[in-house]
Amino acid sequence: MTQLRNASQVGRLGFLSEQNKRDIYLAALEVLANVGMRVYHEEAKTLLLEAGCTLTPQDRVLMPRHLVEQARLCVPSVVNLYDRDGTLALELGGYNSYFGPGSDLMSTYDLETGAHRPSTLKDVARAARLCDALPHLDFIMSSAHPTDQDPHLSYLLSFAEMMQNTRKPLVMTAENERDLSVMIQIARELRGGAEALRQKPYLVVYNEPISPLEHPEESLSKLLLCADTGVPSIYSPAPLAGATAPITVAGHTTQGVAESLFGLVVHQLRKPGAPFLFGIGPAVLDLVTAQSSYNAVEYLMTYMCAVEMAKWLDIPNWGYAGTSDSQLLDAQAGMEATQITFLAMQAGSNLSHDVGYLDFGLTGSLEEIVLVDEFISMNRRLLAGIEVNRDTLALEAIAEAGPGGQYMTSEHTYRYMRAVQWRPTILNRHGRERWLADGGLDLAARARQKALDLLATHQVPALPADLAVKTDELIGAFAAAGA
Amino acid sequence: MSLFEDLKLNVEQGKKEAVLALVAQALDQGHSAQQILQQGLIAAMDIVGAKMEQEEMFIPEVLRAAKTMEAGLEILKPLLGVGDMQVSGKVVMGTVKGDLHDIGKNLVAMLLSSAGFEVIDLGINVAPAVFAQKAEATGADFLGMSALLTTTMPMMAATIEELEKAGLRGRVRVLIGGAPVTQAYADQIGADGYASDAGAAIKVAKELGAVKA
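Protein chains in written order, with the working numbering: chain B, 1 to 483; chain Y, 1001 to 1213.
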């Protein structure tokens, strides 16, 4: 189990004091109790009102503090995810941090031609297979949105492609509870029954309220279905600071906390103890260009506040990494994607997605995924911390080398070097001559080459034939019923 | 695993005790010293060389493998004929006068030695006249110089002049290296070879050696 733990062992950046966190929590409770939220799902509304919420004449649900406190007592602090084979893969909780791509990018930079073009179902399969091969991407999302498919089938078809092209656990988006229930049915077929899937979750579902303070019918349907089936659910809003949320970091955080906790209460009322992930996607509206930034510095600040609040609440969190607002994989992308990823890692953000996003979450880049994988690899080494003991202090080795000596043939070097020295795969460590001889490529070109090589060679074991048949049947039946 | 496969693997992994035992075992089984050298020890170092090139091995592992190979060779030496042990060439080397930075020179010396060169390491702060004198006394094929400082680089040119004065320039090929040294500088002072890193130095020395043969 120890090898699964990826928690930072070094000091963390702290943005909020204990008092700040209490204040944000109390402010969120005040929003829940006094401002209220709109609920577009009758069954969820009834559940809330029966539990002690009240309805205002303006159709707002007011939530008393004790319901939040009760939900906090019930919700698990750790959510385990299992891969396609049923092996424990991710332990979400504490300061463990895991990474994966995002979902539903409308455009893709074509790996072969470099062209900017609409995403297809094939891109979903390729991203899944590439991420399966990359050791530091821990879970899989669709990455691309298959714009070449019937929109009502797109999530289900993506799910089937992802299942075939990776063994890693999945995080899914779905249109509503209808296509989601088919995904869950297929996952039950994979695991061998409803109880087996509950014991060993294979997928997590990404559900979102709409900021400010609205909970759509589809989101709550999916949230309730997750509670019923034991499939872990994320309930994470995307409050847009300056547009659908307050412009200040504290206000932005407060509204996001209130929106996510509202989902937590619905979820835990339906099924106490069901696995849940707290989160805020703290987008920022650039008030000059009117673009929704994933990498504005205020985004990063609210994100870090959200992670700190998750730790304070002791609920696993949903997070972000490997994104850039840049239009291509350039120096801006390198700077932004690595900054947000490092912040996520050091903060112990549990399940961070969107690796490979460019263009405000509209365009995907497989090269960027490769680049961020390397960055995570390097920084998992960095955050593993420094071992200080008699042997690592190397007093004997220093004495042995003495003035003017060397350590290249020292037993100490030999013993430690592979554990101590992290090796890059695409970062350049060659001198000018060798670099030129190797083609004089920049990092983006080397990432592209690695992606092409992995896609040409990496194989994912096929699903059992009967499962593949069953999957086709279930999707076929869904398509027929929908039509 | 065959005896020779086992021997090669243990050389590669730098396991000296195992290599000594396996060489003795091979002799007991009637293999010739020449065969053990060629198919065991040298074949192992060929693999090591390839793995170093592929960046699969760390340099300290290469150095350890070379040491292990040498230990095995010590057993065979008395049994080998005159023509059986080919030396790639004899190299006199050191850091130039005024320069005490020797880790790069040491690394090149160790790698040259593991590649079959006989290395006479003069250490640090070696004056031009001393380089020339030692090159003559040892019958060296190569003279290797290293400098880390731009202020000490001119000593390379001074050493070449010294070799010319001693009438050695035709016989001794000059190799230079060090962080500030470039191919252009090597051309300017009339050095025969330049390498930008330790791995490249071995290649350059081998290529120049082959020209002579």
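Just so you know, even glycine gets a beta-carbon here, dropped at the ideal spot from N, CA and C.
Residue-level contact by beta carbon holds for Y:Ser1196 and chain B, with a gap shorter than 9 Å. By the neighbour-count criterion, in which 16 or more other beta carbons inside 10 Å mark a residue as buried, Y:Ile1202 falls on the buried side. Non-local beta-carbon contacts of B:Arg129 in its own chain, meaning distances under 7 Å to residues more than five positions away in sequence, involve Asn165, Thr166, Leu455, His458 and Val460 in chain order.
Under DSSP, the beta-bridge partners assigned to Y:Gly1094 are Y:Met1145. Going by beta carbons, B:Ala321 and B:Thr302 fall outside the 9 Å limit.
The Cβ of B:Met162 sits no closer than 9 Å to any Cβ of chain Y.
The C-beta distance from B:Ala115 to B:Ala127 rounds to 17 Å, too long to meet the 8 Å contact threshold. Identification of residues in the region 390-420 of chain B having a C-beta nearer than 9 Å to some C-beta of chain Y yields Gly404, Gln406, Tyr407, Met408, Thr409, Ser410, Thr413, Tyr414, Met417 and Arg418, given in sequence order. Its chain contains Leu366, Arg448, Ala451 and Leu452 as the residues whose beta carbon lies nearer than 7 Å to that of B:Leu111, once the 5 sequence neighbours on both sides are disregarded; these appear in chain order. When secondary structure is reduced to three states using DSSP, B:Tyr294 falls in the coil class, being assigned neither helix nor strand. Note on the region 147-229 of chain B: whole beta strand (DSSP E) runs with a minimum of 3 residues are 170-172 and 203-207, in chain order. For the 9 Å CB-CB criterion, B:Pro118 and B:Asp138 do not form a contact. Listed in chain order, the positions of the region 1148-1176 of chain Y with a beta carbon within less than 7 Å of a beta carbon of chain B would be empty, since no residue qualifies.
The count of Cβ pairs closer than 8 Å, one atom from the region 326-338 of chain B and one from the region 266-281 of chain B, stays below three, leaving the stretches out of contact. For Y:Asn1010, no Cβ of chain B is located within less than 9 Å of the residue's own Cβ. Among the CB atoms of chain Y, none fall inside 9 Å of the CB of B:Gly439. The C-alpha of B:Arg381 lies about 26 Å from the C-alpha of B:Ile315.
Sequence-distant Cβ neighbours of Y:Gly1144 in its own chain, meaning closer than 6 Å and more than five residues away, are Val1091, Met1093 and Leu1175.
From the beta-carbon of Y:Ile1059, the residues of chain B found nearer than 7 Å are Met408. Cβ neighbours of Y:Gly1209 within its own chain (closer than 6 Å, five residues either side excluded): Ser1088 and Gly1089. Within the region 1071-1086 of chain Y, no residue has its Cβ closer than 9 Å to any Cβ of chain B. In the three-state scheme derived from DSSP, where H, G and I count as helix and E and B as strand, B:Ile315 is classed as coil. DSSP, reduced to helix, strand and coil, places B:Glu91 within a strand of the structure shown. Straight-line spacing of the CA atoms in B:Asp104 and B:Ala174 works out to 10 Å.
When Cβ pairs closer than 8 Å are counted between the two stretches, the region 252-260 of chain B is seen to touch the region 223-241 of chain B, the count reaching three or more. For Y:Ala1044, the CB contacts under 6 Å within the same chain, skipping 5 residues up- and downstream, are Lys1008, Val1011 and Glu1012 in chain order.
Under the Cβ distance rule, B:Gly334 does not count among the residues neighbouring chain Y, no pair being separated by less than 9 Å. Along the region 39-75 of chain B, the alpha helix (DSSP H) occurs as fully enclosed runs of 4 or more residues at 42-51 and 65-74, listed in sequence order.
Buried is the label assigned to Y:Glu1162, since at least 16 other Cβ atoms lie within 10 Å of its Cβ. Considering only beta carbons, the part of the region 1103-1122 of chain Y lying closer than 9 Å to chain B consists of Ile1103, Asn1106, Leu1107 and Met1110, in chain order. Bridge partners of B:Asn80 according to DSSP: B:Glu91.
Per DSSP, reduced to three states, the secondary structure at B:Asp354 is strand. Annotation for B:His116: the continuous beta strand (DSSP E) segment containing it runs His116 to Pro118. If you draw a straight line from the Cα of B:Leu240 to the Cα of B:Val249, it comes to about 11 Å. The contact set of B:Arg432 on chain Y, defined by CB atoms closer than 9 Å, consists of Ser1196 in chain order. Residues of chain B whose Cβ lies closer than 7 Å to the Cβ of Y:Leu1063 are, in chain order, Met408 and Thr409.
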